[in-house]
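Taken in order, these protein sequences are the chains called S and D.
Sequential numbering of the first sequence, starting at 68, is according to my numbering.
Sequential numbering of the second sequence, starting at 1189, is according to my numbering.
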Amino acid sequence: MTFVGWIQTLAFAGVILALTRPLGAFLYRVYEGEQQPLPKLLGPLERGVYRLSGVDPRREQTWVEYAFAVLAFSALSLLGTYAIERLQHVLPFNPQKLAAVPADLAFNTAASFTTNTNWQSYSGESTMSYLTQMAGLAWHNFTSAAVGIAVAIAVARGLTRRLAPGAPKLIGNFWVDLWRGLLYVLLPVSILLALVLVSQGVIQTLSAYRDVTTLEGGKQLVALGPVASQEVIKELGTNGGGFFNANSAHPFESPTPFTNFLEMVLIFAIPAALTYTYGRMARNQRQGWAILAAMGVLFLVGVTSAYWAEAHPNPALAPLAVSQARGNMEGKEVRFGVAASALFATVTTGASCGAVNSMHDSFTPLGGLVPLVNIQLGEVVFGGVGAGLYGMLVFVVLSVFIAGLMVGRTPEYLGKKIEAREMKLAMLYVLIFPLIILGFSAWAVVSPLGIAGLSNAGPHGLSEILYAFTSGAGNNGSAFAGLNANTPFWNVTLAVTMLAGRFLMLIPALAIAGSMVGKKVVPAGPGTFPTDGALFTGLLVSVVLIVGALTFFPADSLGPIVEHFLASAGKVF
Amino acid sequence: MRSLLTVALRVTLLTLVVTGLVYPLVVTGLAAVLFPGRAEGSWVTDERGQVVGSELIAQGFSSPSYFQPRPSAAGTTGYDAAGSSGSNLGPTSKKLRDGAADVLKKLEAENPNAPRPIPAELVTASASGLDPHLSPEAALWQVRRVAAARGLSEERVRAVVTAHTEDRTWGFLGEPRVNVLLLNLALDRQFGRPTLQPPAATSTQTPLPPAH
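Laid out in structure tokens, this is it:
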């Protein structure tokens, strides 16, 4: 580890911290304000899209209506992407004449992008036409991100609203929340920063791939495409699906250390800011800061471990007469080095983004454990846009309940009692996640269809399988990419995993909001457990860690942990 | 229920048009006006004005007169700019160890007088397979071979390497690095083109086993 490497990490944390308040206040104005920003310019646009979509923006929805709207929109847009992939050979913007995407892969990819996962069983440059990339995939990068933020805001409304007795239990209008996220946040930022990326060398072109004669007279076919427009929303919306197979390690996706830094900032910007938005909605900023602090602690532990591990030599190369002074450089780019690679890996898995600037499969065993654990904690270390906040709020409810048990009082949060129904929903949320990961992993390790995809033997093979389902259920999308997942078995099981990891968890979260929104608010008394201080942050961190560790430690110990000890003993497979 | 589906269908189509078509085409248009060279791929030309590649994309070099990039797992033969990939071999992979040992043997044979140990970047595959850079150490390590092949003093070659070494951005982002293609072009411009054996194939270094 180097001093400069740490400066880079601390600078990143500082920028995120500095952005949290202004961006969070901006998001509050967009979703909860009396008047949205730039009313002269964007107001008519907003009213126009409501008219075209047949939405009455003043009509709010119950949690059931809200959930149905989310599901209907997601289902239709999933079908849309499936159709574009299957028909890309007859649609425009396909200069390489790429064939239609096979059915199982098209389904997997459509599910993947609808759920904000962006797991990729394909290589972009050899599979997807420019139209599929723009309209089939980047479209979802916008909409699935806007859906995530919308649901988080709705859940926050459920917890923080104070309704008059007998008032209808409404948590907002999904269509309004969706459009506001797109028009005021995601589109303007993307247009601006896509151009910044282009200025650094990220390409943006509709030209066909270019054949060049190299300096030595060889031939090289260089894949091109409209990359920058997709790159920026890939990070801003914590989607993570690369235009190219190598994702943000590809020099056309991230050519310089600056673009790398900018891309990391984009990943964390909205998830961090939403904690501030939440604090404002709760009329107590400290509620938001307490949550941000818990996320921050978990993040710093992760990045320290990953950087420490990757600064070590690759054990497989230890017997060779090479100098590994720069750490484990297999699967890493020189312009980033181990510090920026370990930081990116921690950021992208903490935030359920899944973009990568280095190959996690080639990390040292403990370095690779960090991204895996980050996802296993439930994608709440900042988490996906929106998904991170509503996930963390479920853990907040759980923590408050545990604190209530310890002192023998009915737990309450923001003055609202937490009762059996909310706890059942919270437990449902917490249990679905490991059930799909461990259930499918168990199936894959005993099935020839699962084993067939492995590219690494020994415990690392188990890690590849475990990582795949963890990534799918956590809607992360990064991979131990040696796994060849482009088979019907993997495409279908992972598609199911991703859909369950998104919608089976989003519905209980909305249900908690629906059940909390109408509850009577009782003023805080001397027996109220404060949820806006360091004690609560500590409790929240512990609950997240204990739930994650109890659930996944046995599986992880057979994968990365045992691999660590075997690697230290010089074993290879 | 029916009205819900109608709204959902309309929003689906509308978002598809706005974010899936209008947005990327607007960005493409603006990029073409503002940064045409960058948007098209950062192509570089040799002294005769021929495009010889993108400065951002690694290409294979086998001649001793040129600096060689890191090993590549892109495509089946390496440096496939339409098949980016890392090796994805794990830290207990025998394939990784054996592959690196082979590359090491080849490097030692080609660089008999170079210092030991060899920087590990030269035997490890990059993440993209198209990493256009070498660390300054890995470039300087090759100076003795390049200078001998071109009949130049080591100092003159080393000076070109130093001139092409980029520092960390703002002093703390990323790592110091040397762009291999730009470095080789600079050598050609200053000292003339080396005479090459007829080009064998696209691939020039020992390819690593493809990941999948």
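All C-beta atoms, glycine included, are put in the ideal place defined by N, C-alpha and C.
From a predicted model like this one, the values you see are computed outputs, not experimental measurements.
query: Pick from A212/S, R488/S, L495/S that is closest to L456/S, judged by C-alpha positions; result: A212/S
query: is_contact[W375/S, chain D] using C-beta, thresh 7 Å; result: no
query: Residue burial classification, N1372/D (beta-carbon count within 10 angstroms, cutoff 16); result: buried
query: Meets three-Cβ-pair contact criterion under 8 Å: the region 546-554 of chain S and the region 471-489 of chain S; result: no
query: Any chain S beta carbon closer than 7 Å to N1301/D; result: no
query: Distance, N306/S Cα to W510/S Cα; result: 27 Å
query: Cβ neighbours of V629/S in the same chain (closer than 7 Å, five flanking residues each side left out); result: P526
query: Per-residue DSSP class, three states only, for E1354/D; result: strand
query: Contact with chain D by W557/S, beta-carbon distance below 7 Å; result: no
query: Within 7 Å, strictly: CB atoms of D428/S and A316/S; result: no
query: Rounded distance between the beta-carbons of P293/S and M63/S, thought under 8 Å; result: Nothing about residue 63/S can be reported from this structure: the residues present for chain S run from 68 to 640 only.
query: E101/S (DSSP reduced to helix, strand or coil); result: coil
query: Interface residues of chain D facing G471/S [CB-CB closer than 7 Å]; result: Ordered by position in chain D, no residue passes the 7 Å Cβ test against G471/S, which lies about 38 Å from the chain.
query: Limits of the alpha helix (DSSP H) - the one that L31/S falls within; result: Residue 31/S lies beyond the stretch modelled for chain S, which goes from 68 to 640, so this question has no answer here.
query: 8 Å contact criterion, which N312/S and S321/S should meet: CB distance rounded; result: About 14 Å; that fails the 8 Å criterion.
query: Chain S contacts made by the region 1345-1368 of chain D, where a contact means CB separation under 7 Å; result: R1356, T1357, F1360, L1361, G1362, E1363, R1365
query: Beta-carbon spacing of M459/S, V447/S below 7 Å; result: yes
query: Cβ distance (whole Å) where S508/S is taken to contact L533/S below 8 Å; result: 5 Å
query: Residue-chain proximity (D1290/D, chain S), Cβ-Cβ < 7 Å; result: no
query: I504/S at chain D interface by Cβ criterion, 7 Å; result: no
query: Neighbouring residues, chain D, relative to M195/S (Cβ below 7 Å); result: Per Cβ cutoff of 7 Å: no residues; M195/S is ~13 Å from chain D at best.
query: Proximity of G541/S and M565/S at Cβ, strictly below 7 Å; result: no
query: Own chain partners of L606/S with C-beta closer than 8 Å, once the 5 adjacent residues on each side are dropped; result: S466, I469, A470
query: Which listed residue (A562/S, V559/S, L481/S, A524/S) has its alpha carbon closest to that of P590/S; result: L481/S
query: Reference F335/S, options G91/S, L198/S, R277/S, closest by Cα; result: G91/S
query: Inter-residue spacing [alpha-carbon to alpha-carbon] between P124/S and V97/S; result: 14 Å
query: Endpoints, the alpha helix (DSSP H) within which R1226/D is located; result: 1224-1228
query: Below-7 Å beta-carbon distance, Q1247/D vs any chain S residue; result: yes
query: Short-range partners of chain S found in the region 1228-1252 of chain D, where Cβ spacing is below 9 Å; result: E1228, G1229, S1230, W1231, D1234, Q1238, V1239, V1240, G1241, S1242, E1243, L1244, I1245, A1246, Q1247, G1248, F1249, S1250, S1251
query: Continuous beta strand (DSSP E) stretch holding T1233/D: start and end; result: 1231-1233
query: Separation of R1365/D from S1250/D, as counted between CA atoms; result: 20 Å
query: Any C-beta of chain D under 7 Å from that of G110/S; result: no
query: Near-chain D residues of the region 143-160 of chain S - C-beta to any C-beta below 8 Å; result: L143, S144, G147
query: Contact with chain D by A349/S, beta-carbon distance below 7 Å; result: no
query: Beta-carbon neighbours of D428/S, restricted to chain D and to distances below 9 Å; result: G1274, S1275, N1276, L1277, G1278, A1399
query: E531/S: CB within 6 Å of a non-hydrogen atom of the ligand NAD; result: For the structure depicted, the ligand NAD is absent and the ligand set is empty, with no information on it obtainable.
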